[in-house]
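S.K.:
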Amino acid sequence: MTKLDLNQIFDNGVDNIIQFIKTDLELSTKSEIMQRIADQCRDDEKFRQIYVKKEILEFIIGLLNCDNEHSALQACRCIVNLTYYNEPARNILLEIGGDKLKNISLIIEKFPNLRLVGISAYANLFESCEKLQEILIDEGFKKAISICINDCYETVIRTLNNITSINKMNECFKSPFFIELLDKIPNDLADSNFSEVVEYFISVLSFEEFRKVFCKHSEAIFNGYKSAIDIIVNPLFPKNVNEEDLNQICMSIKLIFDLFNEFYQFKETAKLYDSIIELTIAYTLHGNIYKEDYIPAPTQNHTCEILCHIATVEEFLSRIWDKHNEFIKIAFETSKNSRMMDMQKHCIGIIQSFSTNKEYVSILLKEGIMEKLSSIFNENNMMNQPLIYRSISVLQNFTILAEDKNEVCNEFALKIIIITFKYMTNIVIRYSAVQALRNILNFKPEFSELLKKEGLNALIDVCLGKDEAQEKKDEPDKRVRFEATRILIRLLKENKSIKEILNRDNDIYSCLLENLKTDYAILIKEVMELLINFYNNNIILPNQFNLQIKEIVKEKLSTILASPKDNQLLNKDILELFEKFLTF
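Quick note: the sequence shown, position 498, residue 1777 per the numbering used here, numbers continuous.
#1: Measuring straight from C-alpha to C-alpha, what distance separates Val1713 and Glu1584?
#2: If I follow the unbroken alpha helix (DSSP H) through Arg1321, where does it start and stop?
#3: By the 10 Å Cβ neighbour count, where 16 or more other Cβ atoms means buried, how is Thr1862 classified, buried or exposed?
#4: For Ser1471, tell me which candidate among Val1707, Val1832 and Thr1434 has the shortest Cα-Cα distance.
#5: Going by DSSP, what residue range makes up the alpha helix (DSSP H) through Asp1852?
#6: Grab me the residues of Leu1716's own chain with a C-beta within less than 7 Å of its C-beta, minus the 5 sequence neighbours each way, in chain order.
#7: Which stretch, first to last residue, makes up the alpha helix (DSSP H) that contains Ala1469?
#8: Assuming Ser1789 and Leu1856 form a contact by the criterion Cβ under 8 Å, report the distance between their Cβ atoms to the nearest whole angstrom.
#9: Can you tell me whether Ala1423 is helix, strand or coil according to DSSP?
#10: As a quick exercise: from Val1359, His1625 and Ile1532, pick the residue whose alpha carbon is nearest that of Val1476.
#11: What are the partner residues of Ala1748, as DSSP defines its beta bridges?
#12: With a threshold of 8 Å on Cβ separation, who are the neighbours of Leu1810 within its own chain once the five nearest residues in sequence on each side are excluded?
#13: From Val1359 to Gln1314, what distance separates their C-alpha atoms?
#14: Decide if Ile1445 is buried, meaning its Cβ has at least 16 other Cβ atoms within 10 Å, or exposed.
#15: So, using beta-carbon positions, are Val1293 and Arg1356 closer together than 8 Å?
#16: Since Thr1613 and Leu1586 are thought to touch, with beta carbons under 8 Å apart, how far apart are those beta carbons, to the nearest angstrom?
#17: With distances taken Cα to Cα, identify the nearest neighbour of Asn1365 among His1349, Ile1329 and Ser1634.
#18: If contact is defined by three or more beta carbon pairs under 8 Å, each pair taking one atom from either stretch, is the stretch 1715–1734 in contact with the stretch 1769–1778?
#19: Near Asp1621, which residues of its chain fall below 7 Å by C-beta distance, leaving aside the five closest residues on each side in sequence?
#20: Beta carbon of Cys1626, beta carbon of Ile1609: below 8 Å?
#21: Go ahead and pull the three-state DSSP assignment for His1565.
#22: Could you check whether the Cβ of Arg1437 sits closer than 8 Å to any Cβ belonging to chain D?
#23: If you run the structure through DSSP and keep just helix, strand and coil, what is Gly1503?
#24: With distances taken from CA atoms, which of Lys1333, Tyr1562 and Ile1296 is nearest Phe1377?
#25: Grab the span of the alpha helix (DSSP H) containing Val1741 for me, first residue to last.
#26: In this structure, how does DSSP classify Ile1329 when only helix, strand and coil are distinguished?
#27: What first and last residue would you give for the alpha helix (DSSP H) that runs through His1603?
#28: Would a C-beta distance cut-off of 8 Å place Phe1545 and Arg1490 closer than the cut-off?
#29: Determine the DSSP secondary structure at Val1687, reduced to helix, strand or coil.
#30: Could you have a look at Ile1416 and say whether DSSP puts it in helix, strand or coil?
#31: What first and last residue would you give for the alpha helix (DSSP H) that runs through Ala1351?
#32: Answer yes or no: do Ile1630 and Ile1599 have a C-beta to C-beta separation smaller than 8 Å?
#33: In angstroms, rounded to a whole number, what distance separates the CA positions of Phe1390 and Ile1555?
#34: My output table needs one value for Pro1821: the three-state DSSP class, helix, strand or coil.
#35: Are Ile1719 and Cys1688 touching if we call contact CB-CB under 8 Å?
#36: With C-beta atoms as the reference, is Ser1634 less than 8 Å away from Phe1691?
Laid out in C-alpha cells, this is it:
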C-alpha cells in the first residue's frame, strides 16, 4: 500500500476507512492508519467526533496487545487523542469491553519509551468515567504507576487527580506506589510538579486513608514549607529568583500555605503542626509590623492564618500563648494600617482560641483586654464581618469562662453589644451578641440599667428583625429574634419603667404578637407570662392588640386540647397560662 493510496482512503471519509481496516492488513499499514488518526485527532477537534466509531475503536484496542513498539505507540496515541474530553469515545470503549484496555499497563512495563503516552492514556480514560476506573485500576495499573513515577511525575498526578471512584481512590492510597509518590515529591518550588502534587493533596485531604499514609511520609512537604519561608524571608526576594521561575514559585508558595491551612480540620494532620510552630511564629512576627505604614511581606498573612488554625488545636495553644502580647498588639494597635487588616483578623482569631481557656481568660481580663476589644467595635469595622464575628465570639467566651464576671460586665461589653445590635446585619453575629447579653444578665441583672434608652432601642430592633440579612428569604432564621425577645420580656418583667422610657409600645406589642404565633414553646410561655404580668400591674393593652392576642390564644388552646393526652401534659404550663389570660 502506497502513501498515495492511503491518502485517498482517508480523503473518501470514515466509512471508507472502516471498510479498509476490515481487510487483511500488514502490521506496518495498521500502524500508519493509527498514526494518521492520532495526528488528526490531535490537530483538529472535529476528528475526535468523526472517529468515534465502534469499528475504529475495536481496531485500535486490538493493537494494544501487539509486541511491536511502534504499533503500541500509535495505539496508545489514538487512545490519548480520541478520549481527550470526549465522553462518547469512552462510552464506546466501555461497550466494546474495558478489560481490553488493561494491555496499556503491559505496554508501560514492556516499553520504557512509552511510559508517558501510556500513563496519559489512563489519565484521559479516567476523566469523568468511574466505570472505566473500576475496571482498569488493578494491580497491573498500580505497577505501571510505580514505574512511571520517576519519569512522568506530573502525568501520574494528573491521572490520580482524574480518579473519582472513592473505592479506587482509597485503594490507591493504600498501595505501595503511593508511598513512593510521597517520598519523591520534588523539592524545587520552581518545578511545576511540586505545585501539581500539592494541589492534588489539598483535594484529597478529606480522605482518611490518604491522611494515614500522608502523615507517615510528609517530610518532603515539610521541606517545601520551609523552603517557601526561606525564599520569602530572603531580603532579595523576588530579585534573586529567575524571572521565568517567579510565577511558578509564587504558585507553589501559595499552595503549600493553603495545604497547611487545611491541616487543623483533621486530628491526624493537625499533629503535623508540631514541627513548624516556632518557624511560623518567627516569620509571622518578623519585620517592623507595628509601624503605621508597614507593608506585610508576601504571604505573611498566610502564616498568620496558619497560626490562627494551629491555635484551635488545644495541645499547641500554650506555645502560641507565649507570644500572646505580640498577637494582642497586632490585633488592637494596627487598625490604622489597612494593609494589616488580614493579619489583624487572624490575630483576633488567635485571641478567640485563647478565650476558650479559663486560665488565659483570667490573665487577659486582668491585662485590660476588654477596653482593647471594644475599640474594634465602630461603624467602620462593621463591614468586616469575619473580624467582628471573631471579636464578638471572644466576648461571648469571656461571659462564660471569666472567674470574676465583673471584669466582663462593664461599659466596654455594653458598647460591643449595642454597636453590634445597631450596625451588624449578619444574623450569626447578632446571635452571638444576644447570647453574650443573656449570659451577662444571668450573672448581673442590674446590667440592664446600663442599657438605657439606646441599648433597649437597639434590642427591640433586633427583636423585630430590623435590617437583618437572611440567607433564605422564604424561610427566615428567627433564632435571633426569639432569643432577643426572651431578653426583652425578662427586662419588661423586672423593670416596669422600661416601657415608659422607650415609648415604643406599638413595636413591643408587634414583637410579642409575632412571637406568640411561633411554635417555640418556651417563648410562647414567656410572652404569656409577660402579658399576664401587664394585667396584674394594671397595664392596659390596646383593644386591637388584645383581640388579636385572644384570637391566637384560643386557636392554640383548641389545637393543644385536640392533641393526645401526652402532648397536653407536656404543654400543661402553657395551657394554664392560656386559660388564665382568657379570664381577663
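Idealized CB from N, CA, C, for every residue including glycine.
M.R.: Let me lay it out:
#1: As a position in the sequence shown, residue 1713 is number 434, starting the count at 1. As a position in the sequence shown, residue 1584 is number 305, starting the count at 1. Looking at the two C-alpha atoms, the distance is approximately 28 Å.
#2: Here residue 1321 corresponds to residue number 42 of the sequence shown, with the count starting at 1. The continuous alpha helix (DSSP H) containing Arg1321 extends over residues Leu1306 to Asp1322.
#3: The residue given as residue 1862 occupies position 583 in the sequence shown. Exposed: under 16 other Cβ atoms inside 10 Å.
#4: Here residue 1471 corresponds to residue number 192 of the sequence shown, with the count starting at 1. With distances taken between CA atoms, Ser1471 lies nearest to Thr1434 out of Val1707, Val1832 and Thr1434.
#5: In the sequence shown, the residue the question calls residue 1852 occupies position 573. That run of the alpha helix (DSSP H) goes Lys1851 to Leu1861.
#6: Numbered from 1 along the sequence shown, position 437 holds the residue referred to as residue 1716. The residues are Ile1696 and Ile1766.
#7: Mapped onto the sequence shown, residue 1469 falls at position 190. Annotation for Ala1469: no alpha helix (DSSP H) segment contains it, and DSSP assigns it neither H nor E.
#8: Locating residue 1789 in the sequence shown gives position 510, counting from the first residue. Locating residue 1856 in the sequence shown gives position 577, counting from the first residue. The pair is not a contact, with the Cβ atoms about 20 Å apart (cut-off 8 Å).
#9: Against the sequence shown, residue 1423 aligns to sequence position 144. Ala1423: helix per DSSP, three-state reduction.
#10: Position 197 of the sequence shown, counting from 1, holds the residue named residue 1476. With distances taken between Cα atoms, Val1476 lies closest to Ile1532.
#11: Residue numbering aside, residue 1748 sits at position 469 when the sequence shown is read from its first letter. Looking at the DSSP assignment, Ala1748 forms a beta bridge with Asn1705.
#12: In the sequence shown, counting from the first residue as 1, residue 1810 sits at position 531. Here the set comprises Leu1791, Leu1820, Ile1828 and Phe1860.
#13: Along the sequence shown, one-based indexing puts residue 1359 at 80. Along the sequence shown, one-based indexing puts residue 1314 at 35. Rounded to the nearest angstrom, the two C-alpha atoms are 12 Å apart.
#14: Mapped onto the sequence shown, residue 1445 falls at position 166. With fewer than 16 other Cβ atoms within 10 Å, it is exposed.
#15: Here residue 1293 is taken as the residue at index 14 of the sequence shown, counted from 1. Here residue 1356 is taken as the residue at index 77 of the sequence shown, counted from 1. Result no, Cβ atoms of Val1293 and Arg1356 do not sit closer than 8 Å.
#16: What you label residue 1613 is simply residue 334 of the sequence shown in a count that begins at 1. What you label residue 1586 is simply residue 307 of the sequence shown in a count that begins at 1. Going by Cβ atoms, the distance from Thr1613 to Leu1586 rounds to 16 Å, so no, they are not a contact pair.
#17: Locating residue 1365 in the sequence shown gives position 86, counting from the first residue. Its Cα nearest to that of Asn1365, the residue Ile1329 stands out among His1349, Ile1329 and Ser1634.
#18: In short, these stretches touch, since the Cβ pair count reaches three.
#19: Against the sequence shown, residue 1621 aligns to sequence position 342. The residues are Asn1580.
#20: As a first step, residue 1626 is located in the sequence shown; it is residue number 347 there, counting from the start. As a first step, residue 1609 is located in the sequence shown; it is residue number 330 there, counting from the start. Yes, the pair counts as a contact, with Cβ atoms nearer than the cut-off.
#21: Along the sequence shown, one-based indexing puts residue 1565 at 286. Residue state for His1565 is assigned as coil, using DSSP reduced to three classes.
#22: Protein chain content of the structure displayed is limited to a single chain, and chain D is not contained in it.
#23: Taking the first residue of the sequence shown as 1, we reach residue 1503 at position 224. DSSP places Gly1503 in helix when its eight states are reduced to three.
#24: Within the sequence shown, residue 1377 is the residue found at index 98, counting from 1. Correcting the residue identity first, residue 1377 is Gly in this sequence and not Phe. Minimum Cα distance to Gly1377 is reached at Lys1333.
#25: For the purposes of this step, residue 1741 is taken as residue 462 along the sequence shown, with counting starting at 1. For Val1741, the enclosing alpha helix (DSSP H) starts and ends at Ser1727 to Cys1742.
#26: The residue given as residue 1329 occupies position 50 in the sequence shown. The three-state reading of DSSP puts Ile1329 in helix, counting H, G and I together.
#27: For the purposes of this step, residue 1603 is taken as the residue at position 324 of the sequence shown. From DSSP, the alpha helix (DSSP H) with His1603 extends over His1603 to Glu1612.
#28: Taking the sequence shown and counting its residues from 1, one reaches residue 1545 at position 266. Taking the sequence shown and counting its residues from 1, one reaches residue 1490 at position 211. In this structure, Arg1490 lies closer than 8 Å to Phe1545 by Cβ.
#29: Mapped onto the sequence shown, residue 1687 falls at position 408. Looking at Val1687 - three-state DSSP - the assignment turns out to be coil, as it is neither helix nor strand.
#30: On the sequence shown, position 137 is the one that residue 1416 refers to. Here Ile1416 sits in coil by DSSP.
#31: Working through the sequence shown from its first residue, we reach residue 1351 at position 72. Element bounds for Ala1351: Glu1348 to Leu1361.
#32: By 1-based counting over the sequence shown, the position of residue 1630 is 351. By 1-based counting over the sequence shown, the position of residue 1599 is 320. Contact: no.
#33: Here residue 1390 corresponds to residue number 111 of the sequence shown, with the count starting at 1. Here residue 1555 corresponds to residue number 276 of the sequence shown, with the count starting at 1. Rounded to whole angstroms, Phe1390 to Ile1555 spans 43 Å at the Cα level.
#34: Counting from one through the sequence shown, the residue named residue 1821 turns up at place 542. Coil at Pro1821, not helix or strand.
#35: For the purposes of this step, residue 1719 is taken as residue 440 along the sequence shown, with counting starting at 1. For the purposes of this step, residue 1688 is taken as residue 409 along the sequence shown, with counting starting at 1. Yes.
#36: As a position in the sequence shown, residue 1634 is number 355, starting the count at 1. As a position in the sequence shown, residue 1691 is number 412, starting the count at 1. No; because the gap between Cβ atoms is not below 8 Å, this pair is not in contact.
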